[in-house]
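Working notes for the structure below.
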Amino acid sequence: MFDTEVKSLKSFNHYLSKLVESRLWLKVIIALFLGVGFGLLLSPQNGWITKETADIAGDWLALPGVLFLKLVQMIMIPLIVASIITGIASNDKDSLKKLGGGVLLYFLGTTIVSVSLGVILSQLFRPGRFLHQQALDEHNEITAVPTESPELSFGLETIPDTISNLLPENPLASMVSGEMLSIVIFTIIIGVAVLSLENSLLRPVKLLLSAIQEVCMTVVKWSMLLVPIVVFGLMAQLTSSVGLSSLSGLTYYVGVVLLGLLLLVICYLGLIVLLGKTNSLHFLKKIRDVQLLAFSTTSSAAEMPLSLKTAEEELKVDKTISNFIIPIGATVNMDGTALYQTITTLFIAQTYGLEMSLLNIIVVIVTIVAASIGT
132 MFDTEVKSLK SFNHYLSKLV ESRLWLKVII ALFLGVGFGL LLSPQNGWIT KETADIAGDW
192 LALPGVLFLK LVQMIMIPLI VASIITGIAS NDKDSLKKLG GGVLLYFLGT TIVSVSLGVI
252 LSQLFRPGRF LHQQALDEHN EITAVPTESP ELSFGLETIP DTISNLLPEN PLASMVSGEM
312 LSIVIFTIII GVAVLSLENS LLRPVKLLLS AIQEVCMTVV KWSMLLVPIV VFGLMAQLTS
372 SVGLSSLSGL TYYVGVVLLG LLLLVICYLG LIVLLGKTNS LHFLKKIRDV QLLAFSTTSS
432 AAEMPLSLKT AEEELKVDKT ISNFIIPIGA TVNMDGTALY QTITTLFIAQ TYGLEMSLLN
492 IIVVIVTIVA ASIGT
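Each residue of the sequence shown is one higher than the one before, starting from 132 at the first, in this note's numbering.
Structure below.
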């Protein structure tokens, strides 16, 4: 019954390998620099074209990026639901009990480390101070600068309601409104419940979920064809709208994000050495193709099949473990996203001249830990 699933996975892995061999990552880098250069040519600051013309051109340049994002968002919820339930259903109850606690602790721990690292780097380097107020005003990015930090309502009395709201009364409403954490919790509950089914009922459920995954992966495959064009268009629009002076400030912000990601990778490699007793350079060599694909597509969903293949064939991870952890991790454990969102939030606050108190930062950490799931 699952021959079709295996063949489909192999076919998609072959497609992903072709993308790596075609140096999609190099095309993305070239598109990025070309987009910046073209955006500078379109910038109204040059005086070659009017601001209205530049805005219209920017909208057309950004169109592939808008379509790409809508395409990915369109299939994100069914992919998350199918992946998490499939990951849970691939194990028996005993294996789930053995793995579940450790995996949850790892996911939560690494996400907290990522957010904390983002806070430290943001407070240390303060990238928002390099984006000058005058440059932002010229492009109407800021309409008013508050003189005082806003009051945040956050206390012990709000925690029970916050926790109870995580369990959706209406899962469909949560899906429509994009409440990703509620969707993930609902999906995990359904996945655990699926394990109680008899094999005769479980097999068609697995087959249906595999079919949903395959459909989603096909859409992901289509979207990957747009990646270089998307990068070129979005960078051209961004550069033409903010200009060179603001772009230099954004460059510093991007540098802080990249530094954070590098430190995060070093933390991962430390865990590999300490817990996995594996040489870090040997490990990096084994996952080279996965990293290149992730950089090229910026999509956890796109690299999921190749991650499974690499874990099982190159790293010799047990299939039951990889089938459980990777689908869930690819949709829930977004450490890089958590770090990026933290730095971005504090970057914007610094740009607007807002001083973040300790309570504000704690609220940011809690919010981003939840918001990073499935994004």
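Note that CB positions come from ideal geometry on N, CA and C, so glycine has one too.
Legend entry - C-alpha gap between A188 and T441, whole angstroms: 42 Å
Legend entry - Rounded Cβ spacing between P195 and L328 (contact assumed at less than 8 Å): Going by Cβ atoms, the distance from P195 to L328 rounds to 43 Å, so no, they are not a contact pair.
Legend entry - the stretch 203-216 in contact with the stretch 447-459 per 3-pair CB rule at 8 Å: Contact annotation: the stretch 203-216 touches the stretch 447-459, with at least three C-beta pairs closer than 8 Å.
Inset, instruction - Verify whether the separation of the beta carbon atoms of E415 and L470 is less than 8 Å. - result: According to the sequence provided, residue 415 is Leu. The question's Glu does not apply to it. Taking a C-beta distance under 8 Å as the contact criterion, L415 and L470 do not qualify as a contact pair.
Inset, instruction - Kindly list the residues whose CB is nearer than 6 Å to the CB of V167, restricted to its own chain and excluding five residues on each side of it in sequence; keep chain order. - result: M366, T370
Legend entry - Candidates V336, S313, M306, of which the one nearest S295 by Cα: S313
Legend entry - L405 versus L235: straight-line alpha-carbon distance, rounded: Between L405 and L235, the C-alpha separation is close to 19 Å.
Legend entry - Burial state of D466 (16 or more Cβ within 10 Å): buried
Legend entry - Cα-Cα separation, N222 to E444: 19 Å
Inset, instruction - Look at the alpha carbon of S308 and the alpha carbon of P299, and state the distance between them as a whole number of angstroms. - result: Answer to the nearest angstrom: the Cα atoms are 11 Å apart.
Inset, instruction - Out of L437, G401, S430, point me to the one whose CA is closest to K417's CA. - result: L437
Inset, instruction - Have a look at R334 and V203 and give me their C-alpha separation to the nearest angstrom. - result: 28 Å
Inset, instruction - Take the Cβ of K447 as the centre, count every other Cβ of all protein chains shown within 10 Å, and call the residue buried at 16 or more, exposed below. - result: exposed
Inset, instruction - Count the other C-beta atoms from every protein chain shown that fall within 10 angstroms of the C-beta of M205, then say buried if there are 16 or more, exposed otherwise. - result: M205 is exposed by the Cβ-count criterion.
Legend entry - L381 to L155 span [Cα, whole Å]: Answer to the nearest angstrom: the Cα atoms are 25 Å apart.
Legend entry - Segment limits, alpha helix (DSSP H) that includes P330: According to the sequence provided, residue 330 is Asn. The question's Pro does not apply to it. Run containing N330: 330-355, per the alpha helix (DSSP H) assignment.
Legend entry - Local conformation of D225 per DSSP, three classes: In the structure shown, the three-state DSSP call for D225 is helix.
Inset, instruction - Mind the definition here: the stretch 348-356 touches the stretch 223-243 only if three or more C-beta pairs lie below 8 Å; say whether that holds. - result: no
Legend entry - V495, DSSP secondary structure in three states: helix
Legend entry - T462 beta carbon less than 8 Å from that of I211: Closer than 8 Å, so yes.
Inset, instruction - Report back the beta-carbon spacing between P302 and V159 to the nearest angstrom; my notes put them in contact at under 8 Å. - result: That pair is no contact at about 36 Å.
Legend entry - Start and end residues, alpha helix (DSSP H) containing T468: 466-482
Inset, instruction - Pick helix, strand or coil for R419, following the three-state DSSP scheme. - result: Here R419 sits in helix by DSSP.
Legend entry - Residue span of the alpha helix (DSSP H) that contains P458, given as start and end: 450-463
Legend entry - Three-pair Cβ contact test at 8 Å for the stretch 231-249 versus the stretch 342-350: With a cut-off of 8 Å, the stretch 342-350 and the stretch 231-249 do not count as touching, because too few Cβ pairs lie within range.
Inset, instruction - Can you grab the Cα-Cα spacing for the pair V362 / S372, in whole Å? - result: 15 Å
Legend entry - Nearest candidate by alpha-carbon position, reference Q472, set G386, G249, N330, T409: G249
Inset, instruction - To the nearest angstrom, report how far apart S245 and G178 are at their CA atoms. - result: 43 Å
Legend entry - C-beta atoms of L227 and L326 nearer than 8 Å: yes
Legend entry - Spatially closest choice to F170 from L378, G407, T476, L439, by CA coordinates: It should be pointed out that residue 170 corresponds to Gly in this sequence rather than to Phe. Comparing Cα positions, the closest option is L378.
Legend entry - Continuous alpha helix (DSSP H) assignments of at least 4 residues falling wholly in the stretch 237-265: none
Inset, instruction - Output yes or no for whether 8 Å exceeds the beta carbon distance between P258 and V387. - result: yes
Inset, instruction - Note the first and the last residue of the continuous alpha helix (DSSP H) segment covering K201. - result: 182-220
Legend entry - Sub-8 Å separation of I243 and V494 beta-carbons: no
Inset, instruction - Under 6 Å Cβ to Cβ from L477, same chain only, skipping five residues before and after it: list those, please. - result: S253
Inset, instruction - Identify whether A502 lies in helix, strand or coil by the three-state DSSP scheme. - result: Helix at A502.
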